[in-house]
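Chains as they are written, first to last, in our numbering: chain A, 1 to 286; chain B, 1001 to 1171.
Quick reminder that beta carbons are idealized off the backbone N, C-alpha and C, glycines included.
Worksheet: the structure to be examined is printed underneath.
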């Protein structure tokens, strides 16, 4: 195995593209090293991207907040401006593991590990986040929900690296929230999760919304019907009932020791309702 | 397999080593540098027995590569005491009998130190959350939480005294 720590993303992409065997990107390593140790993967090359300045910081740009691919959870949690604009995304990211894991784990790593139960991902999908990808063919931008295509699988091609993630600029009267169900208080994998982001128009009527569910399908799913159910409403009982039905209809979960199909499906609706209420309050709705 | 040469700082001392590219920081500390305080409990980042700080950030050293440490600052439980004087956390762990077999203790001490460095006056809930990544299978957690609470009081007392002393000097 080789270890490389380039200082530009292009260099990193070139190293990955040229690798003869299996090559992996190392940011926080909280998933990668576990997979290496368990023998699931046997890398020929590890490309550590933490020395690349473009991956290291959170910056506020005209397009919104740009979060580098090697920014750890603790740094995300320490950004007051980010927390104010996207509290749901920050809370979701800070739910990943212990303080020790937070010291290393990254949003982009959580995304590219491609688990259907990844905590930050439903919040990022609800937020309408986009990733900046650098590869041998140059740069491209991709919606976050297009990155993961199945458990452990992404749409990235050989040599491509996600350099950063951008959360869009926040209109006034917007709010987001993320909730997950686990059978304990923390340190667990989501049985079901839901992320909601919304913006209010005049008189507290929802004018834009995005709803995403985690751990109820092979990938995190964006549920446009759930968003439609609450757009134009003030989150009254009828809209919430429609939201619940849309979320339940979008579920295609597995049956395992964490939860049955029926349980996961029902809880998805419950969490989406609760997350929508929190997001609505955060947006200033009453 | 070629080795990676690393120059880094461990507990304030400039340190150099050559390690395998896939070797963890935990293995480097224990097997190459003789620092056996950090323990391997699970090897998957779940138990916290291998906790150390890297550039001030609390991490599981079993999930960090030794090769990544070029130019970083690593602090382990071995750096906690000031020469022969134990850190208040170490004193209070002994006083409150917050350990039995001792395997988890170095990790708890390092994680508790990281907590007190950023929050010298934590509530019981904050202590419990901050130590949630450290597992103990002997004593249970109450004694550990009480020891950290007592150490926090002691640290605040020492900080206050140091502030007073430096204030006097300036006058």
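Just checking: is the beta-carbon of residue 46 (chain A) within a distance shorter than 9 Å of some beta-carbon in chain B?
Within the first chain, numbered from 1, the residue matching residue 46 (chain A) stands at position 46. With 9 Å as the cut-off, residue 46 (chain A) counts as an interface residue toward chain B.
Mark residue 1087 (chain B) as exposed unless 16 or more other C-beta atoms lie within 10 angstroms of its C-beta, in which case mark it buried.
Here residue 1087 (chain B) corresponds to residue number 87 of the second chain, with the count starting at 1. Answer is buried; the Cβ neighbour count reaches 16.
Taking only beta carbons into account, state which residues of the region 85–100 of chain A come closer than 9 Å to chain B, listed in chain order.
Cβ contacts with chain B: 97, 98, 99, 100.
Span of the beta strand (DSSP E) around residue 1075 (chain B):
Residue 1075 (chain B) sits at position 75 when you count from the first residue of the second chain. From DSSP, the beta strand (DSSP E) with residue 1075 (chain B) extends over 1073–1075.
Does residue 100 (chain A) pass the burial test, meaning 16 or more other C-beta atoms within 10 Å, or should it be called exposed?
Residue 100 (chain A) sits at position 100 when you count from the first residue of the first chain. Buried, by the Cβ-count rule.
Which of helix, strand or coil does DSSP assign to residue 1141 (chain B)?
Counting from one through the second chain, the residue named residue 1141 (chain B) turns up at place 141. Correct three-state label for residue 1141 (chain B): coil.
Can you find a CB in chain A that lies within less than 9 Å of the CB of residue 1062 (chain B)?
Taking the first residue of the second chain as position 1, residue 1062 (chain B) is located at position 62. It does: the Cβ of residue 1062 (chain B) has a partner Cβ on chain A nearer than 9 Å.
CB contact check: residue 1139 (chain B) to chain A, cutoff 9 Å
If you number the second chain from 1, residue 1139 (chain B) lands on position 139. By this cut-off, residue 1139 (chain B) is not an interface position.
Is the CB of residue 1020 (chain B) under 9 Å away from at least one CB in chain A?
Your numbering for residue 1020 (chain B) matches position 20 in the second chain. Among the CB atoms of chain A, one or more fall inside 9 Å of the CB of residue 1020 (chain B).
Can you list, in chain order, the residues of its chain with a C-beta nearer than 6 Å to that of residue 1072 (chain B)? Leave out the 5 residues immediately preceding and following it.
In the second chain, residue 1072 (chain B) corresponds to position 72, counting from 1. The residues are 1008, 1054, 1055.
Using a Cβ-Cβ cut-off of 9 Å, state whether residue 1121 (chain B) counts as contacting chain A.
Taking the second chain and counting its residues from 1, the one referred to as residue 1121 (chain B) is at position 121. For residue 1121 (chain B), the answer is no, since every Cβ of chain A falls outside 9 Å of its Cβ.
For residue 206 (chain A), report the span of its beta strand (DSSP E) as first-last.
Position 206 of the first chain, counted from the start, is the residue given in the question as residue 206 (chain A). Run containing residue 206 (chain A): 206–214, per the beta strand (DSSP E) assignment.
Is the region 1092–1100 of chain B close to the region 132–140 of chain A, with three or more CB pairs under 8 Å?
no
Chain B within 9 Å of residue 72 (chain A), Cβ atoms only
Here residue 72 (chain A) corresponds to residue number 72 of the first chain, with the count starting at 1. Judged by the 9 Å Cβ criterion, residue 72 (chain A) is in contact with chain B.
Near-chain A residues of the region 1045–1077 of chain B (beta-carbon distance less than 7 Å), N- to C-terminal order
1045, 1048, 1051, 1057, 1058, 1059, 1060, 1063, 1064, 1065, 1067, 1068
Please tell me whether residue 49 (chain A) and residue 9 (chain A) are closer than 9 Å, where the distance is taken between their beta carbons.
Here residue 49 (chain A) refers to the residue found at position 49 of the first chain. Here residue 9 (chain A) refers to the residue found at position 9 of the first chain. Going by C-beta atoms, residue 49 (chain A) is nearer than 9 Å to residue 9 (chain A).
Within 10 angstroms of its Cβ, does residue 210 (chain A) collect 16 or more other Cβ (buried), or is it exposed?
Your numbering for residue 210 (chain A) matches position 210 in the first chain. Buried, since its Cβ has 16 or more Cβ neighbours within 10 Å.
Rounded to a whole number of angstroms, what is the C-alpha to C-alpha distance between residue 120 (chain A) and residue 189 (chain A)?
The residue you call residue 120 (chain A) lines up with position 120 of the first chain. The residue you call residue 189 (chain A) lines up with position 189 of the first chain. In a straight line, the C-alpha of residue 120 (chain A) is about 12 Å away from that of residue 189 (chain A).
For residue 132 (chain A) and residue 161 (chain A), I'd like the C-alpha separation in whole angstroms.
Numbered from 1 along the first chain, position 132 holds the residue referred to as residue 132 (chain A). Numbered from 1 along the first chain, position 161 holds the residue referred to as residue 161 (chain A). If I take the Cα positions, the gap works out to 8 Å.
Can you tell me where the beta strand (DSSP E) with residue 1110 (chain B) in it begins and where it stops?
The residue you call residue 1110 (chain B) lines up with position 110 of the second chain. No beta strand (DSSP E) holds residue 1110 (chain B); the alpha helix (DSSP H) holding it covers 1105–1118.
Helix, strand or coil for residue 220 (chain A) per DSSP?
Looking up residue 220 (chain A) in the first chain gives position 220. The answer is coil: DSSP assigns residue 220 (chain A) none of H, G, I, E or B.
Option in A:223, A:82, A:282 with minimal Cα separation from residue 268 (chain A)
Within the first chain, numbered from 1, the residue matching residue 268 (chain A) stands at position 268. The residue with the shortest Cα to Cα distance from residue 268 (chain A) is A:223.
Does any CB atom of chain B fall closer than 9 Å to the CB of residue 43 (chain A)?
For the purposes of this step, residue 43 (chain A) is identified with residue 43 of the first chain, where counting begins at 1. Output row for residue 43 (chain A): interface = yes.
Do residue 122 (chain A) and residue 92 (chain A) have their C-beta atoms closer together than 9 Å?
Along the first chain, one-based indexing puts residue 122 (chain A) at 122. Along the first chain, one-based indexing puts residue 92 (chain A) at 92. For residue 122 (chain A) and residue 92 (chain A), yes; Cβs fall inside 9 Å.
For residue 1158 (chain B) and residue 1114 (chain B), I'd like the C-alpha separation in whole angstroms.
Sequence index remark: in the second chain, residue 1158 (chain B) carries index 158 (1-based). Sequence index remark: in the second chain, residue 1114 (chain B) carries index 114 (1-based). Using only the alpha carbons, I get a separation of about 17 Å.
Of all the options A:200, A:38, A:7, which has the alpha carbon lying nearest to the alpha carbon of residue 285 (chain A)?
Here residue 285 (chain A) is taken as the residue at index 285 of the first chain, counted from 1. Comparing Cα-Cα distances from residue 285 (chain A) to each of A:200, A:38, A:7, the minimum goes to A:200.
Thinking C-beta only, is residue 1052 (chain B) closer than 9 Å to residue 104 (chain A)?
In the first chain, residue 104 (chain A) corresponds to position 104, counting from 1. In the second chain, residue 1052 (chain B) corresponds to position 52, counting from 1. Result no, Cβ atoms of residue 104 (chain A) and residue 1052 (chain B) do not sit closer than 9 Å.
I'd like the ranges of any beta strand (DSSP E) spanning at least 3 consecutive residues and lying wholly in the region 36–63 of chain A.
45–48, 58–61
Classify residue 59 (chain A): buried if its beta carbon has 16 or more other beta carbons within 10 angstroms, exposed otherwise.
Position 59 of the first chain holds residue 59 (chain A). It is exposed - the Cβ of residue 59 (chain A) has fewer than 16 other Cβ atoms within 10 Å.
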